[in-house]
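Reading through the structure tokens given below for one structure.
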Amino acid sequence: MDDESMIILDVREKKERKSGYINGSLHIPLSDVKSQLSKLDKNKSILVYCRSGSRSAHIAGLLTRNEYEKVYNLKGGIQAWKRAKMPIKT
1 MDDESMIILD VREKKERKSG YINGSLHIPL SDVKSQLSKL DKNKSILVYC RSGSRSAHIA
61 GLLTRNEYEK VYNLKGGIQA WKRAKMPIKT
């Protein structure tokens with residue numbers, strides 16, 4: 001998948017994002033996702049992440065129930081991303 005066909009959605013709280021985030025990610029805190037669904041293009045793949053993968057799994061389910069078809073949860077969250085030595089922005 002190329003970057004233009006994917007939305008990387010960070011559902012952590014603002015203070016959590018300060019510890020680092022995936023470059024190019026869209027930040028919508030968990031509590032705001034329902035009210036911000038219209039910002040997400042249903043034609044794009046959406047990779048959802050949080051700190052450990054639990055909250056993002058919940059949001060991935062919400063998106064699927066709202067007819068988003070290409071939804072993925074980052075298993076292990078940003079913690080797993082960091083452990084894999086993937087790049088982050090601070």
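With full-length UniProt numbering applied, the sequence shown corresponds to residues 1 to 90, in that order.
Positions of the beta carbon are idealized from the N, C-alpha and C atoms, including for glycine.
Sort the options by Cα distance to residue i and report the nearest one.
i: Lys-39; options: Ser-5, Tyr-49 and Ile-28; result: Ile-28
i: Lys-34; options: Gln-79, Ala-80, Val-48 and Ile-59; result: Ile-59
i: Ile-7; options: Tyr-21, Glu-16, Leu-47 and Lys-15; result: Leu-47
i: Leu-37; options: Ile-88, Gly-61, Ser-5 and Leu-74; result: Gly-61
i: Ser-56; options: Gly-77, Ser-45, Arg-65 and Thr-90; result: Gly-77
Ordered along the chain, which non-local residues of its own chain (more than five positions away) have a Cβ less than 8 Å from that of residue i?
i: Glu-69; result: Lys-42
i: Ala-84; result: none
At which residues does the beta strand (DSSP E) containing residue i begin and terminate?
i: Leu-47; result: 45-49
i: Ile-7; result: 6-10
Which residue comes first and which comes last in the alpha helix (DSSP H) that contains residue i?
i: Ile-78; result: 77-83
i: Ser-54; result: 54-65
i: Lys-14; result: 14-17
What does a CB cutoff of less than 7 Å around residue i pick up in its chain, not counting 5 residues either side in sequence?
i: Ser-5; result: Lys-44 and Ser-45
If we ignore side chains and look at the alpha-carbon of each, how far apart do residue i and residue j end up?
i: Ser-52; j: Arg-65; result: 22 Å
i: Tyr-21; j: Ala-80; result: 12 Å
i: Ile-88; j: Lys-82; result: 8 Å
i: Glu-13; j: Glu-67; result: 25 Å
i: Val-11; j: Arg-17; result: 9 Å
i: Leu-63; j: Tyr-72; result: 10 Å
What are the partner residues of residue i, as DSSP defines its beta bridges?
i: Val-71; result: Ile-46
i: Leu-26; result: Leu-9
i: Lys-89; result: Tyr-21
Less than 6 Å between C-beta atoms, sequence neighbours within five positions excluded: which residues of the same chain meet that for residue i?
i: Thr-90; result: Gly-20
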